[in-house]
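In what follows, a single structure is set out as structure tokens and then discussed.
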Amino acid sequence: MKRKDKEEIIYSEDEVNERLAILEEIKKKVETFDEKKLQFGTNLITELSPDEQSKPFYALIGALLSTKTCETLRLKVMNNLIEHYKKLTPEIMSKTSEDILNELLDGCYGKVRKIKFILECSKVIHNSYNDIVPDDIDELKKLPGIGPKLAKIICAIGFKKIEGITVDQRSLLLLSRLEWILKDISNDNDAMKEVEEWLPKEHWSYFSKATILFAKYICKPNPLCDECPLAKHYVCKYYCKKHNHHLQHLTRLYDSKLQQGKKKKIDIEDLDSMIISEDDEEHEFLSNLDLIQLSQEHQENKDVSK
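Right under this line is the structure:
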């Protein structure tokens, strides 16, 4: 990754391919999760809608409730709203009172702002869009309280239109640990923009769910490295640096590619310590995918020798 100027960053084809190899490992791990773990976020909210036509508005309400509010509480609040109003529509919600919503949204973070945005969005959709939630991301961003991230969520969940990837505080930590975003990035929107610069669009549809769930259950603030395939195969720079007492050579290997531009030969005499030989610069630099395959072969050989 090279910064061409203050605005543009250039990503090499090899670098993108290595990241995609890691992303595939993340996706495979998430696919092993049980059904309960795979159901998350605004997806759960839209399942409460009575019909397909209502899903976009339910997705909008769910997105507005999502900020710093856990899924369990969001579901509780949505059930409170449905129990009270029976069916949520822009017209019904535009005519409700703040006092009622204040009671129904009890426990929500930023409740006052969320009530304000629910009421204002409902009124705009009812009066200006004939009770139909717009399916255009630019139109959605015109609604009160709807920024780029929430607009993408509404498009994806409400209309099955993938307009980009989304990042939350959990996956932001994962992206930082993998060094897929610059060190000075600390908010979701900047992270989304940077990832979309290098991630091919054909991977957008699963990126958000895979990384968010992986960060939620594996790469947590206190990560479960013993359950992580990236740590197991030594392709996580955060893990390698954290355990530099026996993986410091692997960290050097990663950094040397960008800093020195040299190609190195790796002698897999003992993959657990990753011995590096610099005798022959003509050998091809091993990618993350190569390392995964080599580590699997190494483990198989160790098992056979026992």
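In this text, residue positions in the sequence shown follow our numbering: the first is 1, and each later residue adds one. Every residue, glycine too, gets a C-beta built ideally from N, C-alpha and C.
What are the boundary residues of the alpha helix (DSSP H) that includes K193?
D188 to W198
Could you tell me the alpha carbon to alpha carbon distance between K220 and S54, rounded to whole angstroms?
Cα to Cα, the separation comes out at about 34 Å.
Within 8 Å, do at least three Cβ pairs link the region 140 to 150 to the region 112 to 125?
Contact holds: three or more Cβ-Cβ distances are below 8 Å.
Roughly how many angstroms lie between the CA atoms of K241 and L140, to the nearest whole one?
Between K241 and L140, the C-alpha separation is close to 42 Å.
Can you look up I115 in the DSSP assignment and give me helix, strand or coil?
In the structure shown, I115 sits in a helix (DSSP, three-state: H, G or I).
Closer than 6 Å by C-beta to Y239: which residues in its own chain qualify, once you throw out the five before and the five after it? Chain order, please.
C225 and A231
Restricting to Cα atoms, I'd like to know which of E71, S208, V30 and I61 is closest to K87.
I61
Helix, strand or coil: how does DSSP classify I10 here?
strand
Which value, in whole angstroms, describes the spacing of the CA atoms of L173 and T46?
27 Å
Check whether the Cβ atoms of I42 and I153 sit closer than 8 Å, and answer yes or no.
According to the sequence provided, residue 42 is Thr. The question's Ile does not apply to it. Yes.
Is G158 closer than 8 Å to P56 when the C-beta atoms are compared?
yes
Tell me the rounded alpha-carbon separation between S128 and A156.
Approximately 22 Å between the Cα atoms of the pair.
Could you spell out where the alpha helix (DSSP H) holding C240 opens and where it closes?
Where C240 is concerned, the enclosing alpha helix (DSSP H) starts and stops at K237 to K242.
What does a CB cutoff of less than 7 Å around D131 pick up in its chain, not counting 5 residues either side in sequence?
Result list for D131: T89, P90, E91 and I125, in chain order.
Is it a yes or a no for the region 68 to 83 touching the region 175 to 192, going by three-plus beta-carbon pairs under 8 Å?
With a cut-off of 8 Å, the region 175 to 192 and the region 68 to 83 do not count as touching, because too few Cβ pairs lie within range.
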